[in-house]
Amino acid sequence: MTINRISDVEFGEELPVFTPDTSLDNVRRFATAAGWAGPRFTDHEAARAEGLPGALVPGIMSQGFLAAMIHRWAPEAQIKNVDTVFRAPVIVDQPYTISGVVTDIDEEAGNVEIDLTVNNEAGETRVFGTATVRISNPSS
Amino acid sequence: MDIEALKEEFLNKDFDEQSFDVDADDIVNFALACGEIAPRYTDPSHPDFQAPPTFASSFHAGRRMPEGFPKIPGLGMDGGKASSLKHPIRPGVRLVGRTHLHDIYTKTGRSGPMTFLVMRMEIYDPDGVQLATADTSVVIRERPGK
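So the protein sequences, as listed, match chains B and S. For what it's worth, this note's numbering labels the leading residue of the first sequence as 1, then goes sequentially. For what it's worth, this note's numbering labels the leading residue of the second sequence as 1, then goes sequentially.
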């Protein structure tokens with residue numbers, strides 16, 4: 001269900017699960033656009049030479065995944081802030097899923113609080129985030 | 001490490017200033033790679049075209065730490081990012097980012113004591129209007145046996 005007004009949001013509502021594109025080509029595209037095109041993000045072998053398990057998805061890309069997930073759920077939402085904690089590396093070319101749940105609604109102010117997690121296939125949380133999102137009712 | 005003394009000496013004092021030119025193609029590629037589908041982030045011809053809300057996190061300060069800040073022993077890691085958007089970031093405008101040390105605190109986790117340093121960049125447009133803030137948290141874990 002796509003959210004267009006805050007009155008449609010329910011406390012405890014789960015956002016549709018989002019599967020981000022962590023392929024090397026896509027991470028390279030992001031890293032180049034963001035000015036973060038270091039070898040640890042764009043080259044598995046170079047990352048392993050640094051002692052990493054493989055090329056890393058930049059933390060700011062994981063943050064961007066969280067914002068995109070919110071916009072897929074509520075296309076007109078204005079994200080006021082996104083706070084992310086990097087608990088463990090997110091590795092390029094590995095599958096991840098992102099989940100989100102509504103934890104607070106302030107209908108008068110038009111604000112919704114959302115908890116977000118990036119999990120690997122084993123269900124381990126790699127990134128945890130919280131977001132404050134403004135969703136207006138059409139008349140406001 | 002006397003955290004209170006470090007706060008007194010270094011907190012909330014700008015130690016870096018950088019200029020940034022935001023390019024429409026970079027906004028589109030950033031947005032599409034993250035999975036954005038809203039046209040205001042992916043289509044430069046959209047009347048409300050703007051950077052995604054976390055774009056400010058990609059801006060780099062020229063210095064990582066204030067001049068004279070002591071080296072805290074241990075293993076440093078990127079602990080997290082926080083972005084706060086006050087006004088949209090749009091292409092074709094030269095922005096200025098000013099960075100200060102926003103917070104210092106300690107915690108003891110399962111792996112031992114940790115020091116957290118939070119660097120905050122405030123991003124301004126040419127009229128001096130603050131558009132966004134981007135926080136970077138660095139976690140320094142004390143090495144075992146130290």
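Think of the CB as a built atom: it goes at the ideal place given N, C-alpha and C, for glycine as much as any other residue. Predicted model only: the values in this text are computed from it and were never measured.
Neighbouring residues, chain B, relative to S84 (chain S) (Cβ below 7 Å):
The residue labelled residue 84 (chain S) in the question sits at position 84 within the second sequence. The contacting residues are K80 and N81.
Compare the C-beta of K107 (chain S) against all C-beta atoms of chain B and say whether one is closer than 8 Å.
The residue you call residue 107 (chain S) lines up with position 107 of the second sequence. Not an interface residue.
Using a Cβ-Cβ cut-off of less than 7 Å, give me the residues of the segment 22-55 of chain S that come near chain B, in sequence order.
Taking 7 Å as the Cβ-Cβ cut-off against chain B, the residues of the segment 22-55 of chain S that qualify are D26, N29, F30, A33, C34, G35, E36, I37, A38, P52, P53 and T54.
Just the Cα atoms here: how many angstroms apart are R64 (chain S) and G110 (chain B)?
In the second sequence, counting from the first residue as 1, residue 64 (chain S) sits at position 64. In the first sequence, counting from the first residue as 1, residue 110 (chain B) sits at position 110. Annotation: R64 (chain S) to G110 (chain B) spans about 37 Å, alpha carbon to alpha carbon.
N165 (chain S) classed as buried or exposed, judged by whether at least 16 other C-beta atoms fall within 10 angstroms:
The question about residue 165 (chain S) has no answer, for chain S in this structure spans 1 to 146.
Can you name the residues of chain D whose CB is closer than 9 Å to the CB of N119 (chain B)?
No chain D appears in the structure shown, which is made up of the protein chains B and S.
Cα-Cα, which of B:M1, B:I3, B:N4 and B:V9 is closest to I105 (chain B)?
For the purposes of this step, residue 105 (chain B) is taken as residue 105 along the first sequence, with counting starting at 1. Checking every option, the nearest Cα to that of I105 (chain B) belongs to B:V9.
What first and last residue would you give for the beta strand (DSSP E) that runs through N119 (chain B)?
Stepping through the first sequence from its first residue, residue 119 (chain B) is reached at position 119. Its beta strand (DSSP E) spans residues N111 to N120.
Whole-number beta carbon distance between M119 (chain S) and T147 (chain S), since they are thought to touch under 8 Å:
In the structure displayed, chain S extends from 1 to 146; residue 147 (chain S) sits before or after that span and is not available.
Counting only runs of 3+ residues fully inside the segment 83-124 of chain S, write out the beta strand (DSSP E) ranges in chain order.
With a minimum length of 3 residues, the unbroken runs of beta strand (DSSP E) contained wholly in the segment 83-124 of chain S fall at 94-109 and 112-124.
Below 8 Å on the Cβ atoms is my guess for V118 (chain B) versus I98 (chain B); work out the distance and round it to an integer in Å.
Here residue 118 (chain B) refers to the residue found at position 118 of the first sequence. Here residue 98 (chain B) refers to the residue found at position 98 of the first sequence. Between I98 (chain B) and V118 (chain B) the Cβ distance is about 5 Å, and since that is below 8 Å, they are a contact.
Specify the secondary structure class of T103 (chain B) as computed by DSSP and reduced to three states.
Residue 103 (chain B) sits at position 103 when you count from the first residue of the first sequence. T103 (chain B) falls in the strand class under three-state DSSP.
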